[in-house]
Amino acid sequence: MRERLYHVLESQQFDRELLDHLCALTTRFREVGKTTEGALAMKRRHVGKRAALYFTQVSTRTLNSFRAACQVLGMDWLEISDPNTSSEVKGESPIDSVATFASYADAIIMRSKLPGLAKQAAEYFDRERPFRPWHTAHVVNGGSGQDQHPTQALLDIYTLYRAFRERGGIEGKTIAMVGDLKRGRTVRSLAYLMRHYPDVRLIFVSPPAFQMEEDIKAFLQKHNIPFEETEDLDAAVNVADAVYMTRVQDDLDKEKGATPIFFQERHLKILGPHAIVMHPLPRREELDPACDHDPRIKIWRQERNGMWMRAAVLDYLLKENDPLEGMREVA
């Protein structure tokens with residue numbers, strides 16, 4: 009495992025050893041949290057610690073997932089969700105706002121429309137810490153612009169890990185990523201993590217206007233990860249071990265002539281018996297709710313995995329000793 013991470017900013021920070029560690033810790037949290045004794049033990053892990061939730065981009069699921077993760081770990085939190093109520097309306101820079109809120113917290117979890125803001129904040133804190141030792145907050149990127157969403161990628165890896173744990177793991181699987189791949193930060197972050205799983209093959213299914221960006225394709229080529237691009241969802245579903253659906257990102261796309269790609273009930277007939285379907289949510293018409301009855305549709309398990317994985321990420325950042333200390337007696 010490489011040097012311990014202080015911040016979680018992008019998928020490229022993670023190696024296979026750390027991914028496996030976080031997946032194991034997430035599973036441990038899920039198991040221990042099933043009992044009252046276990047849940048209480050987890051709530052004692054970070055008593056007195058605070059997280060600042062700096063969510064200036066609209067969010068419901070990620071925000072509440074992090075809130076729930078804080079509750080699981082016994083952490084308090086403060087929330088900034090409307091920049092109009094902060095001094096940014098008076099001309100304060102986003103970095104100054106973030107530094108202010110981070111002064112009150114052990115971790116600051118950031119979601120912003122501004123690409124790279126979390127990374128800028130982390131670099132600022134690292135640079136200033138020798139002179140301002142109270143700037144010790146860990147920065148967690150909860151989604152930045154169209155570039156990265158690392159904790160979503162981690163929970164997606166965990167969902168794949170759980171689904172394929174009795175079928176040889178993620179290695180050697182074919183994963184179809186479907187929809188608006190050009191602007192979807194979830195698929196970008198997940199694609200970066202594929203380098204750690206040998207013999208994975210990717211299929212990018214999208215309208216021509218929304219194909220995966222060249223930087224991701226160059227990264228995959230550099231690391232010898234095979235991929236193909238197509239508009240044929242049927243062909244992809246027929247061979248995929250996992251189908252990762254995404255929504256078209258805004259309403260202007262219809263004016264541009266883009267045609268969304270739909271996963272419908274008929275696709276369940278050609279989906280492999282052990283394959284799964286995922287979606288980072290929110291969904292629109294691209295994944296028909298009529299499919300939800302099928303156990304291969306994992307979107308709600310995927311959503312719940314987010315709370316446990318985000319708890320594992322916060323625990324990893326904030327607790328440097330044995331991550332299972334105090335939990336063995338309730339196993």
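Heads up, our numbering is the position in the sequence shown plus 8, with the first residue counted as 1. All C-beta atoms, glycine included, are put in the ideal place defined by N, C-alpha and C.
Can you check whether the CB of residue j is closer than 7 Å to the CB of residue i?
i: Q21; j: T167; result: no
i: E136; j: H143; result: yes
i: T34; j: A298; result: no
i: R318; j: R292; result: no
i: G187; j: M83; result: no
i: Q219; j: E237; result: yes
i: E179; j: D207; result: yes
i: V245; j: H282; result: no
i: D114; j: R58; result: yes
i: L198; j: A171; result: no
i: I88; j: F74; result: no
i: L86; j: A60; result: yes
i: I284; j: K306; result: yes
i: F165; j: L189; result: Reading the sequence as shown, one finds Ile at residue 165 and not Phe. No, the pair does not count as a contact, with Cβ atoms beyond the cut-off.
i: V16; j: V106; result: no
Can you tell me which of the three DSSP states residue i falls into?
i: M202; result: helix
i: W142; result: coil
i: D84; result: strand
i: Y324; result: helix
i: Y132; result: helix
i: V16; result: strand
i: F212; result: strand
To which residues of the same chain is residue i closer than 6 Å at the C-beta, ignoring the five residues directly before and after it?
i: T182; result: R209, V247, A248 and D249
i: L71; result: F63
i: Q154; result: R191 and R193
i: E18; result: Q156 and P158
i: L295; result: M253, F271 and H287
i: Y2; result: Summary: the structure shown does not reach residue 2, with the chain confined to residues 9 through 339, and so no result is reported for it.
i: M185; result: V195, F212 and Y252
Considering only residues of the same chain and omitting the five flanking positions on each side of residue i, which have a CB-CB separation below 7 Å?
i: E263; result: For E263, the predicted model reports a pLDDT of 45, less than 50, meaning its position is unreliable and no value from the coordinates is stated.
i: L125; result: P102, M118 and S152
i: A76; result: M315
i: D261; result: Unreliable positioning characterises D261 in this predicted model, as indicated by a pLDDT of 48, which lies under 50. The coordinate reading is nonetheless provided below. Result list for D261: empty, nothing under 7 Å.
i: R304; result: L279, A283, I284 and V285
i: L289; result: R69, I307 and E311
So the beta strand (DSSP E) residue i belongs to, where does it begin and stop?
i: A115; result: A115 to S120
i: R58; result: R58 to F63
Does the ligand MN have a heavy atom nearer than 6 Å to the CB of residue i?
i: H54; result: The ligand MN is not part of the structure shown, which contains no ligands of any sort.
Does any C-beta atom of chain D lie closer than 7 Å to the C-beta of residue i?
i: I307; result: Looking at the structure shown, chain D is missing, and only one protein chain is on hand.
Quick check on the DSSP output: the alpha helix (DSSP H) that includes residue i runs from which residue to which?
i: P102; result: P102 to A110
i: M50; result: T44 to K51
i: R38; result: R24 to V40
Tell me which same chain residues have a C-beta within less than 8 Å of the C-beta of residue i, skipping the five on either side of it?
i: L122; result: P102, S152 and G153
### Message
So within the segment 231-303, which uninterrupted alpha helix (DSSP H) runs reach at least 4 residues, ignoring any that extend past its ends?
### Response
241-247 and 273-276
### Task
Only counting runs of 3 or more residues, tell me where the beta strand (DSSP E) segments fall wholly within the segment 145-209, in order along the chain.
146-152 and 182-186
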